[in-house]
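To keep things clear, I will list the structure first and then write my remarks on it.
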Amino acid sequence: MSAAHATAPKTPTAPARKPSGFPLGFYRYRNYTIFAFTSIPMAISLACLVIGVGALGQGEEAWQAWLARQATPAFRAVHLFCLAFTLYFAIRFGWVGRKIGAGRIGPLPPPPLPLPLLGIAPIGGFVTVWLVLVVILGGWLS
Amino acid sequence: MKLIHKLEPLWWILFGAGAFVLCFVLPALILGVLVLGDSSLMADGLSYERALRLASNPIGKLFLIVVPTLGFWHCAHHFRHLMLDFFGHAAAPIGAYGGYGLALLGTIVTVSTVLAL
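Here it is as structure tokens:
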């Protein structure tokens, strides 16, 4: 690097600022923000599940008491709130995933399926696994 | 924050893996255990003996370690960026150290809880 180049002043740039309407004033920003916010309800659900595993390890009485506590109105409201955001996260994750296929248009081969199918396929896979897991948890086949 | 930035690929691996795992299992776990766990629908499936049998076999233990652990790291990374989006770079250390610190705590608690089964 030449001395003249090294001492050249940096190009002045404006400080970073949020786009107009961020975070909730425009639907694309809103979707993005809600998607990031899902981390909080999902972490709450995971913590509840780990506490449940702890109760399971403490014996039958603790397990039944923990299960009964989850059915109280306050806990149920929290779980339904978390479930709504978790579903939003999963469906959006699957739907956004179709753009990975779209990104390959160009020098690489185009996606093997129409784009909506590329979005529906992972969501269909998620729903199938959810059903299988609920059936296993419920012991409905045994 | 230098170390946090240096480890960015690690956070991204945990974030991506966590997202993938959560999409596949978390809605079912919330619905099946947290929402319907005490109902008659799940009474047989989540009886103490069966639940303990499911959770304490090697595959069950692996499942119960992998899902919450990756999930916590996923949530931590998303939380870090949520803090950045709302509060700017001033909140970056809180988002990073707070989020990843809680994920580390969650990992330790999860692993010790599951291994104690």
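Each protein sequence line maps, in turn, to chains H and Y.
Taking this note's numbering, the leading residue of the first sequence gets 2, the next gets one more, and so forth.
Taking this note's numbering, the leading residue of the second sequence gets 799, the next gets one more, and so forth.
All C-beta atoms in this analysis are idealised placements derived from N, C-alpha and C, irrespective of residue type, glycine included.
Using 9 Å as the limit for Cβ to Cβ distance, is residue i near chain H?
i               : result
P825 of chain Y : yes
I811 of chain Y : no
V907 of chain Y : yes
I857 of chain Y : no
L915 of chain Y : yes
V864 of chain Y : no
G896 of chain Y : no
G839 of chain Y : The displayed chain sequence assigns Leu, not Gly, to residue 839 of chain Y. It does; some Cβ of chain H falls within 9 Å.
A817 of chain Y : yes
L900 of chain Y : yes
Which residues of chain H have a Cβ atom closer than 7 Å to the Cβ of residue i, listed in chain order?
i               : result
H879 of chain Y : A37
F822 of chain Y : F127, V130
G893 of chain Y : What G893 of chain Y touches in chain H: nothing, since even the nearest Cβ is about 11 Å away.
Report the residue from the options whose alpha carbon sits nearest the alpha carbon of residue i.
i               : options                        : result
G95 of chain H  : Y:A817, Y:V864, Y:I857, Y:W871 : Y:A817
Q59 of chain H  : Y:L902, Y:E847, Y:A888         : Y:E847
G98 of chain H  : H:G120, H:L114, H:A48, H:T73   : H:G120
H887 of chain Y : H:P10, H:T14, H:R18, H:T12     : H:R18
A48 of chain H  : Y:L882, Y:I892, Y:L824, Y:S845 : Y:L824
P115 of chain H : H:G126, H:K100, H:M43          : H:K100
A37 of chain H  : Y:L902, Y:D883, Y:I892         : Y:D883
G139 of chain H : Y:S845, Y:S910, Y:G896         : Y:S845
Y33 of chain H  : Y:D842, Y:G843, Y:H876, Y:G896 : Y:H876
V135 of chain H : Y:A889, Y:G843, Y:M799, Y:W809 : Y:G843
K800 of chain Y : Y:L880, Y:L812, Y:Y895         : Y:Y895
E806 of chain Y : Y:S910, Y:L832, Y:H872, Y:L903 : Y:H872
Name the chain Y residues that come within less than 7 Å of residue i, Cβ to Cβ?
i               : result
R77 of chain H  : V833
G140 of chain H : D842, G843, R848
A44 of chain H  : F870, C873
A72 of chain H  : D836
At a Cβ threshold of 9 Å, is residue i touching chain Y?
i               : result
A48 of chain H  : yes
G95 of chain H  : yes
G26 of chain H  : no
T12 of chain H  : no
L81 of chain H  : yes
L114 of chain H : no
A91 of chain H  : yes
On the DSSP letters alone, give me the boundaries of the alpha helix (DSSP H) that residue i sits inside.
i               : result
L834 of chain Y : From DSSP, L834 of chain Y is part of no alpha helix (DSSP H); its letter is neither H nor E.
I45 of chain H  : 40-58
G897 of chain Y : 897-913
G816 of chain Y : 806-827
R848 of chain Y : 846-854
W141 of chain H : Element bounds for W141 of chain H: n/a, residue is neither H nor E.
A66 of chain H  : 61-71
Interface residues of chain Y around residue i at Cβ under 9 Å?
i              : result
G22 of chain H : Near G22 of chain H there are no residues of chain Y at all, since even the closest Cβ is about 13 Å away, more than 9 Å.
I41 of chain H : C873, H876, F877, L880
Which residues in chain Y have a C-beta closer than 8 Å to the C-beta of residue i? List them in chain order.
i               : result
A15 of chain H  : Those within 8 Å of A15 of chain H in chain Y number zero; the least Cβ separation is about 15 Å.
L118 of chain H : Within chain Y, no residue comes near L118 of chain H; the closest Cβ sits about 18 Å away, beyond 8 Å.
A69 of chain H  : D836
Excluding the 5 residues preceding and the 5 following residue i in the sequence, name in chain order all residues of the same chain whose CB lies nearer than 6 Å to its CB.
i               : result
T867 of chain Y : T905, T908
T129 of chain H : none
W1 of chain H   : Since the displayed chain H opens at 2 and closes at 143, residue 1 of chain H lies outside it and no answer follows.
G869 of chain Y : G816, L820
Tell me which same chain residues have a C-beta within less than 7 Å of the C-beta of residue i, skipping the five on either side of it?
i               : result
Y898 of chain Y : A874
G53 of chain H  : W67
S837 of chain Y : none
A91 of chain H  : F127
Can you list, in chain order, the residues of its chain whose CB lies under 8 Å from that of residue i, leaving out five sequence neighbours each side?
i               : result
V865 of chain Y : V819, L820, V823, L824, L827
A853 of chain Y : K859, L862, V912, L915
A66 of chain H  : A56
Beta carbon of residue i: closer than 8 Å to some heavy atom of the ligand COA?
i               : result
G897 of chain Y : In terms of ligand content, the structure shown is empty, and the ligand COA therefore cannot be addressed.
What does residue i reach in chain H if we use C-beta pairs closer than 8 Å?
i               : result
A853 of chain Y : V54, L57
I802 of chain Y : By Cβ distance, chain H contributes nothing, its closest Cβ being about 17 Å from I802 of chain Y, past 8 Å.
G830 of chain Y : L134, V135, L138, G139
Under 9 Å Cβ-Cβ, which residues of chain H neighbour residue i?
i               : result
G904 of chain Y : A44, L47, A48, V51
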